[in-house]
Amino acid sequence: MNTTRQQKISRLIQKELGEMFLQQTKLTKGLMVTVSGVKISPDLSIASVYLSIFPSDKGEETVKNINDNVRDIRYDFGQRVRHQLRIIPELRFFLDTTIEYMAHIDELLKK
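The working numbering numbers the first residue of the sequence shown as 781 and each following residue consecutively.
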């Protein structure tokens, strides 16, 4: 059960990280990273960020690279939201496979 505060912070994190990834992916042709969802812990210290990556075959590699650079991403994120959040949450990135799962179910239903 999410409180209103958790929902607001989740939306803020999703918006700011989405803009950060948009700026970064403009530099790399053929890759698109979208923040599809954010879940934040009740004490607001840990944020689980779900990423949708196109093309999907680069998904695992991209999430690994993002997790390897999580300190830099958290620092940049903190600079963007320093006036809005008292504590910058620890960021954990995961690959969102919802679209692939829906496509698989769609294929099964067509048979």
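Don't be surprised by glycine CBs; every beta carbon is placed ideally from N, CA and C.
Asked, Found
"Simplified DSSP assignment, three categories, for R785", "helix"
"Delimiting residues of the beta strand (DSSP E) encompassing I895", "A query on residue 895 cannot be resolved here, the shown segment of the chain reaching from 781 to 891 and no further."
"Alpha-carbon spacing of N849 relative to F873, whole angstroms", "11 Å"
"Chain-order list of residues whose beta-carbon lies under 6 Å from that of I833 (same chain, five-residue window excluded)", "V813, G839 and T842"
"Beta strand (DSSP E) runs contained entirely in the stretch 821-891, provided each spans 3 or more residues", "826-834 and 870-875"
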